[in-house]
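Below: one structure, written as structure tokens.
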């Protein structure tokens, strides 16, 4: 999530051991791990090799050619520009407000945005994205780009009129302003083509161009669909809802669909009475929503309760008389077919929480399909979904082929088991099933502990966070993006930071009882620093890595790299001025077929030690080229730092996020979110005072000689 909209409330009422404590025990036992563990743990940890990463050939995935990063690392930058290595170019593409069709006028810095204009234009604040080929022969020159539009900058959106109306306390928002803001959220799909001169452009009036906004009708599918938990006045049978909100990171499926993930959506709804257990645990707002959309309810132009639905306070005799259950139709992974324009589907079996993203695991014929996701909040959890159906290669995407991709999605994503992760100090881990019959730590079934019927899987999904609490999952330092090496199956995930970390030697503190889930509170108000997370308030973050074990519920884990400033005394990964970073956020594993893959790291930094030297950035590392030396706290340790390089730096005030590559690896797409005074492309972008009306944009990075990125 962007640091600009982080919800600083702690909502986890469990007393589960936090990851900071687990890391302390894990790192302090590294000498023991080298020679004194029991056989079972030794076998599991041996999947990485005792000192570092197993190569692709060692993991049975086939030999990979060694790969070296061939670009010169760029210096830190604090300018209104995207900085790339020598020999590379950066092209601004599809900024917010770019027309998708001829119904929309060309962009102007003085343009007043209407609901109709925004509904037919690229949305605001670009985030996660993925590209989909339109045919196999031109896959690297022609594609559909699916792009999340996470939230809005009201100052930029309403610049010509001097700002939004009615944002003061108690103020009422105008209906058309609210509609415009609703239409600026969601997902944009746009066709892109590469011209003969190597530049990319969007295709106006392409049949693939479309928007899914916070008002678009969508289908509920999986265990929650049709249940009493999601029946509303809009959908009395509980099968439909409107919109997807606060879409941060993303994912994709092997069958060719896009996954968009609902993260900080609770802030858009209010509920001032009749609050349920899940409303408190997941952080539903009271009083006023983030943008006050609910205040436009009752406007003479309101259609089908389009604004009233954001107020979940019970008002009628039953759930079908009001929108008390509307928030329960949010918090899911949303599947979109980028080729057809069919209704998007919310796949409820993958859990309900503040999803950062959703990434497919290693794909093996005849084995279940796996997806990983993190709950991006302090002291929340990492999850895994394992499909009931096993993978059939006949279901793989074939660009240009007519097929029902959403039906394939139902096959793999509507039935399966959702797990939460527990990380053990010896480097092992366990996936804890979130099923009604799972046994909690106190010996009850999960259904009993949640006061549900014995077979109420829908209820468990609605209460995903509470279920993970009760099963004993490990609270983490804000799980953000994940990435999977498709050869080895190694999973990487960024833990961006945790401000609730105190100095060494202090005790953990608790707010709230924490003994029963009926009394929502904060289990870990603070947690002390340790050898693996040594900074008070842990502003720099880290990246972890794990590999699945032979048993479906077992895995082995290690810290891959710690963020830090070069001059920090606790710089465990030995970062220098050429690669110092903090608050790792975006993550992408760039598989290179027969060559070793590149792991790309993006940042959303607020740590002064790094921020005073550089804006947010993109770094690259080849994981197979680094090994963990004895005594090092992370795989990327204090040794050779030529393997981790800064590749690009964004403009002032921005977050760098989202990654996609053409299949031939000659073009890399990244997103620049919430820039302060960028991009200045032509007269149409500059306001009368000479500044730029800021516009989040996609940037295409290419080599001047047309070669592959990074090598």
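In the numbering used here, the protein residues as written are 1181 to 1891.
Even for Gly, the Cβ is constructed at its ideal location relative to N, Cα and C.
Being a predicted model, the structure only gives us computed values, none of them experimental.
Where residue 1442 is concerned, the enclosing beta strand (DSSP E) starts and stops at 1438-1442. 1394 is the residue among 1443, 1394 and 1439 whose C-alpha sits nearest the C-alpha of residue 1421. At the C-beta level, residue 1528 and residue 1641 come within 8 angstroms of one another.
Residue environment for residue 1254: buried (at least 16 other C-beta atoms within 10 angstroms of its C-beta). Residue 1461: member of the alpha helix (DSSP H) spanning 1457-1462, first to last residue. Spanning the alpha carbons of residue 1451 and residue 1340 requires a straight line of approximately 33 angstroms.
In the DSSP assignment, the residues bridged to residue 1601 are 1611. Pairwise C-beta distances place the segment 1612-1620 in contact with the segment 1643-1658, as three or more of them are shorter than 8 angstroms. In the structure shown, residue 1428 adopts extended strand secondary structure according to DSSP, grouped into three states. The way I'd put it, the segment 1810-1819 does touch the segment 1744-1753; three or more beta-carbon pairs between them come closer than 8 angstroms. Residue range 1637-1642 is occupied by the alpha helix (DSSP H) that includes residue 1642. For residue 1826, there is no enclosing alpha helix (DSSP H); the residue is found in the beta strand (DSSP E) stretching over 1824-1829. Restricted to the segment 1227-1309, the beta strand (DSSP E) segments that are unbroken, complete and at least 3 residues in length are 1268-1273, listed in chain order. Counted as a single uninterrupted DSSP element, the alpha helix (DSSP H) harbouring residue 1790 occupies residues 1788-1791. One alpha carbon belongs to residue 1510, the other to residue 1790, and they sit about 36 angstroms apart. By the neighbour-count criterion, in which 16 or more other beta carbons inside 10 Å mark a residue as buried, residue 1281 falls on the exposed side. By the neighbour-count definition (other C-beta atoms within 10 Å, threshold 16), residue 1874 is a buried residue.
In the structure shown, residue 1649 falls within a helical segment according to DSSP collapsed to helix, strand and coil. Separation of the CB atoms of residue 1402 and residue 1418 is rounded to 12 angstroms, and the pair is thereby denied contact status at 8 angstroms. Straight-line measurement puts the Cα of residue 1350 at about 46 angstroms from the Cα of residue 1587. According to the DSSP assignment, residue 1779 belongs to the beta strand (DSSP E) that extends over 1775-1783. The segment 1324-1359 contains, as complete alpha helix (DSSP H) runs of 4+ residues, the segments 1334-1337 (chain order).
Taking every protein chain shown into account, the CB of residue 1664 has 16 or more other CB atoms within 10 angstroms, so this residue is buried.
The beta carbon of residue 1532 sits closer than 7 angstroms to those of 1511, 1512, 1641, 1642 and 1644, all from its chain and outside the five residues before and after it, given in chain order. Below 8 angstroms, too few C-beta pairs join the segment 1599-1607 and the segment 1629-1637 to call them touching: fewer than three. Across the set 1381, 1436, 1648 and 1321, the C-alpha of 1648 shows the shortest separation from the C-alpha of residue 1621.
In the three-state reduction of the DSSP assignment, residue 1397 falls in the strand class.
Contact between the segment 1370-1390 and the segment 1491-1509 is absent: fewer than 3 CB-CB pairs across the two stretches fall below 8 angstroms. Taking the Cβ atoms as the reference, residue 1441 lies roughly 6 angstroms from residue 1430, within the contact range of under 8 angstroms. By the criterion of a C-beta distance shorter than 6 angstroms, residue 1251 is surrounded in its chain by 1265, once the five residues flanking it on both sides are discounted.
The way I'd put it, the segment 1775-1783 does touch the segment 1792-1802; three or more beta-carbon pairs between them come closer than 8 angstroms. In the structure shown, residue 1656 falls within a strand segment according to DSSP collapsed to helix, strand and coil.
Taking all protein chains shown into account, residue 1460 has 16 or more neighbouring C-beta atoms within 10 Å of its C-beta and is therefore buried. Around the C-beta of residue 1353, 16 or more other C-beta atoms lie within 10 Å, and the residue is accordingly described as buried. In this structure, the beta-carbon distance from residue 1304 to residue 1326 does not fall below 8 angstroms.
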